[in-house]
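Visitor: Protein chains in written order, with this note's numbering: chain S, 11 to 325; chain W, 10 to 275; chain X, 835 to 1126.
Glycine residues also receive a C-beta, built at the ideal position from the N, C-alpha and C atoms.
Model, not experiment: these values are computed from the prediction.
My questions will all concern the structure given below.
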Amino acid sequence: MTGRDLLPIAAFAAVAATLPLFVTAGTWLNFAVFTLIICLAAQGWNILGGYGGQYSFGHAAFFGTAAYATAILQVRYGVNPYPAFAVGVAAAGVVGWVIGLLSFRSGLRGSYFALVTLAFAEVFRVLANASEWTGGAAGILIRLDVRPENFQFASRATFYWVALALVVAALVVTRALERSRLGAQLVAVRENENAARALGVDALGVKLAAIALSAMITGAAGALYAQYFLYLDANIAYGTWISVEALLAPIIGGAGTVFGPVFGGIVLHSLSEFTKTLVGRIPGLDLVIFGVLLILVVRFPPREIPGLLKLWRRR
Amino acid sequence: MSFLTVEAVSKRFGGLLAVSDASFEVAEGSITGLIGPNGAGKTTLFAIVSGFERPTGGRVLWRGAEITGRPPHLLARDGIARTFQIVQPFAGLSVRENIAVGAFLRHKRRAEAIALAERVAERVGLARDLDKPAAALTVAGRKRVELAKALATEPKLLLLDEVLAGLNPSEVRDIVPVVRAIRDSGITVLMIEHVMQAVMNLCETVHVLAQGRIIAGGTPAEVVRNPAVVEAYLGHGAATRLQASDDRRADEPGGLNRPPQGDAHA
Amino acid sequence: MRSFPPEIVGEAVLNGLLTGAVYGLVALGLTLVYGVLHIINFAHGALLTMAMYAAFVAWQAFGLDPYVAILPLVPLFFALGYGLQRFVIGPASRGEDSNILLVTLGLSIVIENVMLAIFRSDTLSVQVPYAMEVLELGPMLLSFPRVVGFGVAFVVALVLFVLLTMTDTGRAIRAVAKERTGAALVGIDVKHVYAVTFGIGAACLAVAACLLLPFFYVNPRVGNAFVLVAFTIVVLGGMGSVPGALLGGLFIGVVESLSGLYLGDSLGQIGIFLIFILVLLFRPTGLFGAKA
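In structure tokens:
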């Protein structure tokens, strides 16, 4: 990876970091942080789905695992949030690796892989909803204790920068992956698994590395969510909503590209805020628009429309 | 120590015996051909040697060690590369990136892999197409990409599955020297081929597979004179009929060296 | 694990079978679409939700009994399914598996949230006089609407069987399912057959919705509860197998009923998901069906 590879990311980071200087209203910063969390979850999905071509419908399993691990370690075992955060991310990676091992070893791909990941996420949701340890249906509350060493900040702007730093880190990781052997092999597996194997690519190993990395990034989003909102229940942490959000943003912004998930996430959530101010708060309306957009993007893929969106797709 | 040995290999798919007790050897530094009529089991035998299928019986030995059933990616690391009869490009990638996937096998750094990919492209005549998407190439171009990807893994043994099929005669003429140059660079070649002319031209040794069995082996000249081979290709009694017609037109050159009807572009 | 008297367990098994038949009906549409179009329709659950709202509106606005509502809803949903496949899913997917996955996911998001926008997230149900009626079978009590559901589900399966085996349309559908290129070569309009099949799938959902409504509730996410169950049944019964869907439905109905009895309602669902995962991982061709 060269300096030139990182230039667009550095430019994005610099511009995005200035946002809290102009926007100070709490609700807007809140919206920005939430959007960044979604972008981060989507960046995770993009590793496996975009570069690896394995469409997961159950990234909630990773989001929720890291979120619950972070929360439970703090609430039940008094662990400091920073190590708890790291353990949460690692736990998501392990869950991803295990789900990947089971699914990929059985040769599941395409719709079957989507279905099995969805089912795994649902199993986690039902378990988290029923277990005492996770707080059951009532959910789990992280105690409010605003101190930086406690990963809780008085200012939303600080949180915004933390979230942005994680998103930028994920951008760098994605770029590095793109330039690496693993990345080339992952894309080869996406395009044609048998041809890749004939060229010495350990398809299973590559997919497992991808799902673990993917799960860790989406897990980081989950852990950040827990730390920001300080509350979780099974329908938030393991709900279908986050699986869908994590998938929509990259598909609409450009799957298998460095900036696709961030671009998609920002477009989708800006659009959703925009319609809210335009027609008022009608529940579900934003998701109707997302769904229509998803169908349109599949019907008319941006890569086949030369022009603006092409800028976001590097090769 | 032999280079590649296929020893009494059989493969059964349900009730169908695709390969039956097939044995042959490939000598180091040779171009060896594996020919046979459609459905003879050539591709299955190839799939077994390259690790994509596990044989029902028999063994495959590679430089003295048994490799039966070893998965393809490990065989590629050991130095056995293959191409596919139906070309398998990474359709969304450029020619350079396609070849680089092979090059990454022995070169972890991207710059090295890309440099190797470009050198290989030069060798197979793809230097001008490096930036094109693989899907945009002609059939002949895609065959070259197939060849280049395998070469980029820097193999010791290259298995070519009908690289000439689907090419027109001038394209075949263009690619024959490429295959010979590959061998001359020290890579042993085992090729399945339908285009007889090319086999006669290129191979030192030919093994003939018919209905899953090896029915003949030897130099191309020996093999085409073998009545069993003629019958396998042209049907029962063909050998005697051909012999009779050859006697009548003894001055006409070529004979069986011309591709059998309908097989050349199958 | 608690132990129950045999009549309680027997009743749970029977009620499971009754509900399972309706599950089977939901799965029937899904498996038929899979068998012919070779696609997994993620919008199936959302279409069921929509059908249940349609039946609810028919009851609330026009006073139509859900069982009577079957008559107008079946042609309506057939037309809807036909149109969706012909004009949305077909053109948008361009023959790629992953595109179909995304388009039907998009459809399910749209349908579910249109329902949410119109009806809000309240849980609604119809009040019919027979909702609480029971039939006595020895010591066991069986819910009347479930018995009706069971009977009608089998009638629908029979009608579908006759349709597929005895009519020209049915023969065309089976021809396309077996060999679409060959079917196209002999002059069958494959796109039309695809859309008809999708329409039949949606019509099955309309019937299932009307059968479910008297003993179930409806909210914008109700389809989600059924869709994974239906997928489980389809995978269990063998993708594309019609008898497999019914058998699978009965089996899953019993599993759900018994795990609800022994594990409680909150954990009860997990049995289904675990079966689903295990079957996908180890027996993706299904337990009953031979079709891969």
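Leaving out five residues before and five after phenylalanine 95 of chain S in sequence, what residues of the same chain have Cβ atoms less than 6 Å from its Cβ?
Guide: Here residue 95 of chain S corresponds to residue number 85 of the first sequence, with the count starting at 1. The residues are Thr80 and Ala233.
Visitor: Quick one: give me the first and last residue of the beta strand (DSSP E) that aspartate 30 of chain W is part of.
Guide: Sequence index remark: in the second sequence, residue 30 of chain W carries index 21 (1-based). Element bounds for aspartate 30 of chain W: 25-35.
Visitor: Report the residues of the stretch 24-46 of chain W with a CB closer than 9 Å to any CB of chain S, ordered along the chain.
Guide: Flagged: no residues at all.
Visitor: Answer with yes or no whether the minimum CB distance from asparagine 40 of chain S to chain W is below 7 Å.
Guide: Position 30 of the first sequence, counting from 1, holds the residue named residue 40 of chain S. It does not: the Cβ of asparagine 40 of chain S has no partner Cβ on chain W nearer than 7 Å.
Visitor: Taking only three categories from DSSP, how would you classify aspartate 170 of chain W?
Guide: Start at 1 with the first residue of the second sequence, and residue 170 of chain W comes out as number 161. Aspartate 170 of chain W: strand per DSSP, three-state reduction.
Visitor: If you follow the beta strand (DSSP E) that arginine 222 of chain W is in, where does it begin and where does it stop?
Guide: One-based indexing of the second sequence puts residue 222 of chain W at position 213. From DSSP, the beta strand (DSSP E) with arginine 222 of chain W extends over 222-227.
Visitor: With DSSP as the reference, label arginine 91 of chain W as helix, strand or coil.
Guide: Position 82 of the second sequence, counted from the first residue, corresponds to residue 91 of chain W. Strand at arginine 91 of chain W.
Visitor: Our contact map puts glycine 983 of chain X next to valine 856 of chain X with C-beta atoms below 8 Å; I'd like the distance itself, whole angstroms only.
Guide: Within the third sequence, numbered from 1, the residue matching residue 983 of chain X stands at position 149. Within the third sequence, numbered from 1, the residue matching residue 856 of chain X stands at position 22. 5 Å between Cβ atoms; contact.
Visitor: Excluding sequence positions up to five away, which residues of its chain have a Cβ less than 8 Å from the Cβ of alanine 913 of chain X?
Guide: Taking the third sequence and counting its residues from 1, one reaches residue 913 of chain X at position 79. Here the set comprises Gly1033.
Visitor: Looking at C-alpha atoms only, which residue of W:Pro80, W:Gly66, W:Arg189 and W:Ser179 is the closest neighbour of valine 211 of chain S?
Guide: Translated into the one-based positions of the first sequence, residue 211 of chain S becomes position 201. When each option's Cα is compared against that of valine 211 of chain S, the closest is W:Pro80.
Visitor: Is there a Cβ from chain S that is less than 7 Å from the Cβ of threonine 197 of chain W?
Guide: Reading the second sequence from its first residue, position 188 is the one you call residue 197 of chain W. Chain S contact via Cβ: absent.
Visitor: When the Cα atoms are used, what is the spatial distance from leucine 862 of chain X to alanine 1029 of chain X?
Guide: On the third sequence, position 28 is the one that residue 862 of chain X refers to. On the third sequence, position 195 is the one that residue 1029 of chain X refers to. Rounded to the nearest angstrom, the two C-alpha atoms are 16 Å apart.
Visitor: Using a Cβ-Cβ distance under 7 Å, would asparagine 933 of chain X count as near chain S?
Guide: Taking the third sequence and counting its residues from 1, the one referred to as residue 933 of chain X is at position 99. So, interface residue.
Visitor: Check each candidate in W:Ala225, W:Pro142 and W:Glu163 and name the one with the smallest Cα separation from alanine 85 of chain W.
Guide: If you number the second sequence from 1, residue 85 of chain W lands on position 76. Closest by alpha carbon: W:Glu163.
Visitor: Name the DSSP beta bridge partners of proline 142 of chain W, please?
Guide: Indexing the second sequence from 1 puts residue 142 of chain W at position 133. Its beta-bridge partners are W:Ser103.
Visitor: Kindly indicate if chain W contains any beta-carbon less than 7 Å away from that of leucine 209 of chain S.
Guide: Counted from its first residue, the first sequence places residue 209 of chain S at position 199. Chain W, which has a Cβ nearer than 7 Å to the Cβ of leucine 209 of chain S, makes this yes.
Visitor: To the nearest angstrom, report how far apart proline 963 of chain X and aspartate 899 of chain X are at their CA atoms.
Guide: Within the third sequence, residue 963 of chain X is the residue found at index 129, counting from 1. Within the third sequence, residue 899 of chain X is the residue found at index 65, counting from 1. The alpha-carbon atoms of proline 963 of chain X and aspartate 899 of chain X are separated by roughly 10 Å.
Visitor: Around the Cβ of methionine 966 of chain X, are there at least 16 other Cβ atoms within 10 angstroms (buried) or fewer (exposed)?
Guide: Here residue 966 of chain X corresponds to residue number 132 of the third sequence, with the count starting at 1. Label assigned to methionine 966 of chain X: exposed.
Visitor: Hey, does glutamate 203 of chain S have any beta-carbon neighbour from chain W nearer than 7 Å?
Guide: On the first sequence, residue 203 of chain S is found 193 positions in, with the first residue counted as 1. So, not an interface residue.
Visitor: Could you name the residues of the same chain whose beta carbon sits closer than 7 Å to that of leucine 939 of chain X, not counting the 5 residues immediately before and after it, in chain order?
Guide: Residue numbering aside, residue 939 of chain X sits at position 105 when the third sequence is read from its first letter. Excluding positions up to five away in sequence, the list reads Phe876.
Visitor: Taking only beta-carbon positions, decide if arginine 291 of chain S is within less than 7 Å of chain X.
Guide: On the first sequence, residue 291 of chain S is found 281 positions in, with the first residue counted as 1. No, arginine 291 of chain S lies away from the interface with chain X (no Cβ there is under 7 Å from its Cβ).
Visitor: Report all residues from its chain with a CB closer than 6 Å to the CB of arginine 135 of chain S; omit the five preceding and five following residues, and keep chain order.
Guide: Position 125 of the first sequence, counted from the first residue, corresponds to residue 135 of chain S. Excluding positions up to five away in sequence, the list reads Ala244 and Tyr248.
Visitor: Three or more C-beta pairs under 8 Å: does that hold for the stretch 98-117 of chain S against the stretch 191-205 of chain S?
Guide: The stretch 98-117 of chain S is not in contact with the stretch 191-205 of chain S.
Visitor: Could you say if the stretch 923-935 of chain X and the stretch 1041-1056 of chain X meet the contact criterion of at least three C-beta pairs nearer than 8 Å?
Guide: Judged by Cβ distances under 8 Å, the stretch 923-935 of chain X makes no contact with the stretch 1041-1056 of chain X, as fewer than three pairs qualify.
Visitor: For arginine 920 of chain X, which option in X:Gly1074, X:Thr1066, X:Thr1031 and X:Phe1060 has the closest C-alpha, if you only look at C-alpha atoms?
Guide: What you label residue 920 of chain X is simply residue 86 of the third sequence in a count that begins at 1. It is X:Thr1031 whose Cα lies nearest to the Cα of arginine 920 of chain X.
Visitor: Pull up the DSSP beta-bridge partners for methionine 200 of chain W, would you.
Guide: As a first step, residue 200 of chain W is located in the second sequence; it is residue number 191 there, counting from the start. Methionine 200 of chain W is bridged to W:Gly42 and W:Leu169.
Visitor: Between the beta-carbon of glutamate 841 of chain X and the beta-carbon of methionine 949 of chain X, is there less than 7 Å?
Guide: If you number the third sequence from 1, residue 841 of chain X lands on position 7. If you number the third sequence from 1, residue 949 of chain X lands on position 115. For glutamate 841 of chain X and methionine 949 of chain X, no; Cβs fall outside 7 Å.
Visitor: With which residues is tyrosine 241 of chain S paired in a DSSP beta bridge?
Guide: Along the first sequence, one-based indexing puts residue 241 of chain S at 231. DSSP output for tyrosine 241 of chain S lists S:Leu151 as bridge partner(s).
Visitor: Just the C-alpha distance for glycine 879 of chain X and leucine 218 of chain S, rounded to the nearest angstrom, thanks.
Guide: Taking the first residue of the third sequence as position 1, residue 879 of chain X is located at position 45. Taking the first residue of the first sequence as position 1, residue 218 of chain S is located at position 208. Computed Cα separation, rounded: 31 Å.
Visitor: Would you call the stretch 38-53 of chain W and the stretch 212-219 of chain W in contact, with 3 or more CB pairs under 8 Å?
Guide: Output reads yes: the stretch 212-219 of chain W touches the stretch 38-53 of chain W.
Visitor: Would you identify the three-state DSSP class for histidine 116 of chain W, choosing helix, strand or coil?
Guide: Position 107 of the second sequence, counted from the start, is the residue given in the question as residue 116 of chain W. DSSP places histidine 116 of chain W in coil when its eight states are reduced to three.
Visitor: Give the straight-line distance between the Cα atoms of glutamate 171 of chain W and glycine 1078 of chain X, rounded to the nearest whole angstrom.
Guide: In the second sequence, counting from the first residue as 1, residue 171 of chain W sits at position 162. In the third sequence, counting from the first residue as 1, residue 1078 of chain X sits at position 244. Distance between the alpha carbons of glutamate 171 of chain W and glycine 1078 of chain X is about 43 Å.
Visitor: Any idea what DSSP makes of arginine 63 of chain W, helix, strand or coil?
Guide: Here residue 63 of chain W refers to the residue found at position 54 when the second sequence is read from its first residue. Coil at arginine 63 of chain W, not helix or strand.
Visitor: Exposed or buried, tryptophan 330 of chain S, counting other C-beta atoms within 10 Å across all chains shown (16 or more means buried)?
Guide: What is shown of chain S runs 11 to 325, which leaves residue 330 of chain S out entirely.
Visitor: For glycine 67 of chain W, which residues from the same chain have a beta carbon less than 6 Å from its beta carbon, with the 5 sequence-adjacent residues on both sides left out?
Guide: Position 58 of the second sequence, counted from the first residue, corresponds to residue 67 of chain W. Cβ neighbours of glycine 67 of chain W beyond the five flanking positions: Glu16, Ala17, Val18 and Ser19.
Visitor: Identify the contact partners of alanine 109 of chain W in chain S, using a Cβ-Cβ distance below 7 Å as the criterion.
Guide: Mapped onto the second sequence, residue 109 of chain W falls at position 100. Per Cβ cutoff of 7 Å: Ala194.
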